[in-house]
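Novice:
Residue numbers (the numbering used here): 1 to 305.
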């Protein structure tokens with residue numbers, strides 16, 4: 001019987017027999033794979049939240065005069081595309097170099113990772129007061145790099161998501177990220193906020209549906225069914241109604257007309273004759289299926305010739 005025993009940072013091989021030597025090789029392969037996985041993990045997205053990544057990293061600011069530190073602070077605008085509570089604030093000083101920036105610590109912060117089809121697009125959200133390039137650079141453990149990729153923001157005083165294409169880096173392994181929030185000479189000090197590095201693509205929510213008009217109804221109180229073409233037909237005035245149900249009664253409570261139409265009208269006829277002049281009562285209901293409302297009204301109609 002053979003097995004491996006791990007004690008602290010050391011691995012010991014213990015063998016009781018020489019049988020099944022191939023098991024030793026399997027164990028060696030499994031251990032190597034375990035070690036490989038343990039050191040090849042990318043800590044992303046960098047969201048600066050207490051339970052996320054970036055807030056407690058050892059960010060180093062460089063080429064920025066006296067190098068004020070990167071600060072994790074409250075989001076200055078949670079009404080835009082970035083609603084997360086915490087973001088990073090970078091003070092780019094006028095006295096600093098155009099390539100002022102901040103870098104993570106090798107290995108321990110972002111981890112060791114290889115660029116592949118799943119992570120070659122790097123996105124970052126920025127909130128800036130001026131238009132300038134933003135740069136991102138990936139660095140190997142020995143400080144070798146292919147250099148930064150720069151993309152300029154197009155908006156100011158609001159959050160914007162920028163996208164960087166690192167497809168030329170596929171297959172390369174890194175353990176550091178460098179961010180240049182304001183890659184330009186600047187006439188004055190600038191405050192730049194950034195967040196959600198290596199975050200997902202922001203998709204704007206669909207616009208709200210247009211407002212739905214509720215059904216309305218008014219009841220005219222006079223008409224003259226004398227067939228002169230002037231006010232001689234009666235119908236409740238309904239708007240935005242999908243359905244209706246209305247009834248007209250004479251003074252003795254006898255129904256003289258009813259309809260379940262929003263467009264039908266009454267010509268004053270009942271049992272083949274024009275009704276007598278006088279006061280009639282109407283009860284009416286209508287509603288909108290789309291808006292989900294119902295209107296109920298009753299009133300009187302004065303009929304005269």
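Backbone N, C-alpha and C fix where the C-beta goes; we use that ideal spot for every residue, glycine too.
Keep in mind that this is a model prediction, so the values were computed, not measured.
(1) Report yes or no: do three or more beta-carbon pairs, one from the stretch 106-117 and one from the stretch 40-52, lie closer than 8 Å?
(2) Can you pull the DSSP bridge partners for residue 244?
(3) What number of angstroms, rounded off, separates the C-alpha of residue 276 from the C-alpha of residue 300?
(4) Quick one: Cα of residue 285 to Cα of residue 220, how far?
(5) In three-state terms, what does DSSP make of residue 261?
(6) If residue 191 and residue 91 are in contact, beta carbons under 8 Å, what's the gap, nearest whole angstrom?
(7) In its own chain, which residues sit with a C-beta less than 6 Å from the C-beta of residue 296, not counting the 5 before and 5 after it?
(8) Spell out the partners DSSP gives residue 273 in its beta bridges.
(9) Considering only DSSP beta bridges, list what residue 157 is partnered with.
(10) Under DSSP, the beta strand (DSSP E) around residue 190 begins and ends at which residues?
(11) How many Å lie between residue 31 and residue 194 at the Cα?
(12) My understanding is that residue 262 touches residue 241, with C-beta atoms under 8 Å, so please give their C-beta distance in whole angstroms.
(13) Just to confirm the assignment, what range does the beta strand (DSSP E) spanning residue 91 have?
(14) Just list the residues that DSSP pairs residue 122 with in beta bridges.
(15) Could you give the DSSP three-state label for residue 302: helix, strand or coil?
(16) Buried or exposed for residue 237, going by 16 or more other Cβ atoms inside 10 Å?
Specialist: Taking the definition as stated:
(1) The stretch 106-117 vs the stretch 40-52: in contact.
(2) Beta-bridge pairing links residue 244 to 286.
(3) For residue 276 and residue 300, the distance between alpha carbons rounds to 15 Å.
(4) If you take the alpha carbons of residue 285 and residue 220, they lie about 14 Å apart.
(5) Note: residue 261 maps to coil in three-state DSSP.
(6) The pair is a contact, with the Cβ atoms about 6 Å apart (cut-off 8 Å).
(7) Within the same chain, residue 296 has close Cβ partners 285.
(8) The partner list for residue 273 (beta bridge, DSSP) reads 270.
(9) DSSP lists no partner for residue 157.
(10) Residue 190: member of the beta strand (DSSP E) spanning 190-195, first to last residue.
(11) Note that residue 31 scores 36 on pLDDT, short of 50, meaning its location in the model is unreliable; the coordinates nonetheless yield the value given after this. In this structure, the straight-line span from the alpha carbon of residue 31 to that of residue 194 is close to 39 Å.
(12) Between residue 241 and residue 262 the Cβ distance is about 5 Å, and since that is below 8 Å, they are a contact.
(13) Here the beta strand (DSSP E) through residue 91 covers 86-92.
(14) Answer is 164, bridged to residue 122.
(15) Correct three-state label for residue 302: strand.
(16) It counts as exposed.
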